[in-house]
Each structure stands twice: as structure tokens, then as C-alpha cells.
Ligand code: DX5
Ligand code: ZN
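In the working numbering, the protein residues as written are -6 to 233.
Below, the structure is given as C-alpha cells:
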């Protein structure tokens, strides 16, 4: 245990999961990038799906998720859907082999139905909260989510700065999860770096998305791998 502004003490440091966002990977060699980051110790592949409608950027879709599975990726794939509408793509991502599918409540006309669609497909379901999105969207669906994802930047781009207001929001969600007694992961996404991951963990997050910090943070001695940066994250998390 430590002193890093820590008001949350997870039972086990090994329950912390690191989820590199492939948004910042080299897309020309994506399969190898995913292999390398997993071999370096990452736990989950965070897969950002943007539609140039719900967010002002355009990225990758279910065909790329399926291609990673065919390439041999067996780690959990965490599909973060920044698309509107969401339901059609939920089916596609279930078929493509996603392990988690999260979506933004503002992008679904029927949040309960979208969550159910995901679980009916045998996939873990999650809701994503933008910095200004109220947590009231959780009120009637706590028992239908496996993951709550708090955005610590406004969605659409990698490489933005962490918004400190996320820390209080994380504490609030952590209380809600603990009070519910349910098995729900609390993920945070945006601006996570080696120098703030411990504070973010202390506020209650257990799953950490990091894009630029991982894929732009590779050290020369690691060649194509990401051992140093993943190890640095784990060392920081061990202080919590
Ligand atoms: C932003 C995406 C993030 C992004 C994080 O809309 O959801 O997953 O890739 O990138 P960094 O870690 O660079 O802020
Ligand atoms: Zn994301």
C-alpha cells in the first residue's frame, strides 16, 4: 500500500489490467504491433472504432477485429464503439470476435436493448461516459454492465491531456460498483501516462487504456517491443 492519493485499495495488484489502444500503433504492421505489445505484458487490446459522425475521426471496423483474430490474437479485444447508431455494429463486432463491446449512451436510442444485444452475443457489455456525460445513465442498468469506461479526454483522438475532473468521477463510480457488489471493471481512457497511472488507480480505476504512452513510448533497447513502458506502468501500479 502506498500514499499516492490513494483512497482505493484493490484486493490484488494483479487485478490491474493494461489495455494499449491500437489507435496509436503502426497500422501498416498492425498484427505484429499487437503481438509485440501482448508479448511485452499487456493484458487487453483496446480497439477504438470511430465513425466521423459521433466523433470527428474515422478509424477501423469489424473486419480489422476479425483479421486480428485470424492472425492469432487470443487476448481479450475491447471494442470501444464511438459510433452512432450502435446496434448494427454490435452484431458485427460480436461476429468479429470482440471480448468486450462498450458504447456511449448518447449514441443509442435504447441503451438497455443495446446492452442486452451485447450480452446475448456472449460478449461483455460496457457503457462509456464522456467527461460531461452524467452517471445517471447507470441508474437502471448496473446489473447489465460488465464494464464502465470513463473517458478522461473528449473522444476522437489519441494524444490528448488527461482531464483531472475524471478523478472525482472515478471515485464516485468506484463507490457505486462497490455498493452494488457486482463484478464490474472500471476502465479509464485518455491521457494515461506513467506519471499519472498510480493516481488514477488510487481513484478507483482497475483497467487502463493507454495509446500514445505505449506505442509512442517505445525505448530503443526494446527494439519492436514495449517491455520498458509496460514494466514502468506495472511498477507505478505496484505503489498503489
Ligand atoms: C480516444 C480513444 C482513446 C485513445 C487514447 O477517443 O478512445 O482510446 O486512443 O489515446 P491516448 O492514450 O494517447 O490518450
Ligand atoms: Zn478508447
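For each residue, glycine too, the CB sits at the ideal point set by N, CA and C.
As the structure is a computational prediction, the values presented were derived from the model and not from experiment.
Beta-carbon proximity check, residue i vs residue j, cutoff 8 Å
i           : j           : result
residue 171 : residue 144 : no
residue 101 : residue 127 : no
residue 60  : residue 201 : no
residue 205 : residue 152 : yes
residue 41  : residue 16  : yes
residue 91  : residue 116 : yes
With 16 other Cβ atoms within 10 Å as the buried cut-off, status of residue i
i           : result
residue 167 : buried
residue 46  : exposed
residue 8   : exposed
residue -4  : Note that residue -4 has pLDDT 36, beneath the 50 cutoff, so the model's placement of it is unreliable and no number is given.
residue 49  : exposed
residue 51  : exposed
residue 216 : exposed
residue 103 : exposed
Where residue i sits in the DSSP three-state scheme
i           : result
residue 143 : strand
residue 74  : strand
residue 211 : coil
residue 216 : coil
residue 32  : helix
residue 54  : coil
residue 230 : helix
residue 119 : strand
residue 9   : coil
residue 223 : helix
If we require 3 or more residues per run, which beta strand (DSSP E) segments fall completely within the region 163 to 187? Correct list: 178 to 182.
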